[in-house]
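Q:
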Ligand code: 5GP
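Residue numbers (the numbering used here): 5 to 356.
Now the structure itself:
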């Protein structure tokens, strides 16, 4: 047994220190980024925020609305759409801001293979971005899977995860991932930390993993734990190249869910982890015996059209850039100094 004594930080443990700035308005800030990916050699230009591949977030409706904003915002479609639905979606909407998601199951790979042999793929309008997503990215078979998919799809941009430490980021980048997804346990409907005791404070995970990835020309996507726009600013300030959002995008018209009337008379929508019993009952006919459910189900307030929430999110991010004098999102991490906040302050300001 060993104890790491270094302090590791979550979003709530820090604030961003303001800096002198020449900016007079947040309108002057450009929150898009441009990247060229190491393996696929494809270019990305846009706002590097991605909707998580969860039932009520990574929906086709979300993807249509995000695409219509013209800002390059991404959506990782959840894994439970049928092959026919996916092909039809790509045919009608194109692939510009869409990540096709898979796990490592045989069923997922069979569906992917079937898509790859479809006409839309042959015409070059099919999958060009792939998100390979497992709860625990530390297993050797997962790395092997990433390697195999990379050799099968040399020009597809691959995002793979999740991990939280630099050495595993390096292994995944060297195995063919263009982007490594970072986060174990921070998700708003995740119970991994409670059920297993495993996890890593998310801001430190981002800082350490970004450093490892950038050294190899890879990128990281900070996944989970952003509850307010300020958390997204902290993730980018810590070096994230992309940020993935679940809970912040749940509860909208685009969630493809039902509005429920609460006992208080207010409107809510269900939001659940993808390994919660709700998700497993819906998609797999129950919780498999060997596997504890590591996600929970909550009701989030119904928030109407996601376009309004997006405006808040991007407004917060622009404002954060203004406070530190970053004209572009790229400059944010260079201009970020985090100040540690004591637990007491967190309690007073209700950040806990
Ligand atoms: P949020 O933005 O809601 O804080 O976090 C979203 C992320 O939580 C997802 O992208 C995914 O990585 C993670 N997640 C989603 N469902 C589950 C689950 O059931 N269990 C765990 N451990 N993580 C989940």
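Virtual Cβ for every residue (Gly too), placed ideally from N, Cα, C.
I'd like to confirm something about residue 249: is its beta-carbon nearer than 7 Å to some heavy atom of the ligand 5GP, or not?
A: Your numbering for residue 249 matches position 245 in the chain shown. Correct: residue 249 has its Cβ closer than 7 Å to the ligand 5GP.
Q: Comparing C-alpha positions only, which one of 35, 29, 93 and 21 sits nearest to residue 247?
A: Here residue 247 refers to the residue found at position 243 of the chain shown. Checked all of 35, 29, 93 and 21; the closest Cα to residue 247 is 35.
Q: Just the C-alpha distance for residue 167 and residue 10, rounded to the nearest angstrom, thanks.
A: Your numbering for residue 167 matches position 163 in the chain shown. Your numbering for residue 10 matches position 6 in the chain shown. Between residue 167 and residue 10, the C-alpha separation is close to 19 Å.
Q: Only counting runs of 3 or more residues, tell me where the beta strand (DSSP E) segments fall wholly within the segment 51-90, in order along the chain.
A: Here the runs fully enclosed are 53-55 and 78-80.
Q: Closer than 7 Å to a non-hydrogen atom of the ligand 5GP - does that hold for the CB of residue 99?
A: The sequence position of residue 99 within the chain shown is 95, counting from 1. No, Cβ of residue 99 sits at least 7 Å from all heavy atoms of the ligand 5GP.
Q: Apart from the five residues on each side of it in sequence, which residues of its chain come closer than 6 Å, Cβ to Cβ, to residue 14?
A: Taking the first residue of the chain shown as position 1, residue 14 is located at position 10. Contacts found: 205, 206 and 207.
Q: Could you tell me if the beta carbon of residue 227 falls within a distance shorter than 7 Å of some heavy atom in the ligand 5GP?
A: What you label residue 227 is simply residue 223 of the chain shown in a count that begins at 1. Within the cutoff, so yes.
Q: Taking DSSP as the reference, what is the three-state secondary structure of residue 271?
A: Numbered from 1 along the chain shown, position 267 holds the residue referred to as residue 271. In this structure, residue 271 counts as strand in the three-state DSSP scheme.
Q: Go through its chain and collect everything with a Cβ distance to residue 12's Cβ below 6 Å, but skip five positions before and after it.
A: Residue numbering aside, residue 12 sits at position 8 when the chain shown is read from its first letter. Around residue 12: 205 and 208.
Q: I think residue 241 touches residue 20, with their Cβ atoms under 8 Å apart; what is that distance to the nearest whole Å?
A: Taking the chain shown and counting its residues from 1, the one referred to as residue 241 is at position 237. Taking the chain shown and counting its residues from 1, the one referred to as residue 20 is at position 16. With 8 Å as the limit, residue 241 and residue 20 qualify as a contact, their Cβ atoms being about 6 Å apart.
Q: Taking DSSP as the reference, what is the three-state secondary structure of residue 185?
A: Along the chain shown, read from residue 1 onward, the residue named residue 185 stands at position 181. The answer is strand: DSSP assigns residue 185 an E or B state.
Q: Where does residue 356 land, buried or exposed, given buried means 16+ other C-beta within 10 angstroms?
A: Start at 1 with the first residue of the chain shown, and residue 356 comes out as number 352. Since pLDDT at residue 356 reaches only 48, below the 50 mark, its modelled position is unreliable, and no value is offered.
Q: Quick check: what's the CA-CA separation for residue 7 versus residue 124?
A: Mapped onto the chain shown, residue 7 falls at position 3. Mapped onto the chain shown, residue 124 falls at position 120. Rounded to the nearest angstrom, the two C-alpha atoms are 52 Å apart.
Q: Starting from residue 306, trace the beta strand (DSSP E) in both directions and tell me its first and last residue.
A: In the chain shown, the residue the question calls residue 306 occupies position 302. Per DSSP, residue 306 belongs to no beta strand (DSSP E) and is neither H nor E.
Q: Give every residue of the same chain whose Cβ lies closer than 8 Å to the Cβ of residue 155, excluding the five residues on either side of it in the sequence, and list them in chain order.
A: Mapped onto the chain shown, residue 155 falls at position 151. Only 180 meet the Cβ criterion.
Q: Between the Cα of residue 16 and the Cα atoms of 238, 303, 332 and 23, which residue gives the shortest distance?
A: Looking up residue 16 in the chain shown gives position 12. Among 238, 303, 332 and 23, the Cα nearest to that of residue 16 belongs to 238.
Q: Taking residue 147 as the reference, which of 29, 104, 227 and 173 has the closest Cα?
A: Start at 1 with the first residue of the chain shown, and residue 147 comes out as number 143. Taking only the C-alpha atoms, the option nearest residue 147 is 173.
Q: Write down the C-beta distance between residue 87 and residue 118 rounded to the nearest angstrom, noting that I regard them as a contact closer than 8 Å.
A: Position 83 of the chain shown holds residue 87. Position 114 of the chain shown holds residue 118. Contact holds; Cβ gap of about 5 Å.
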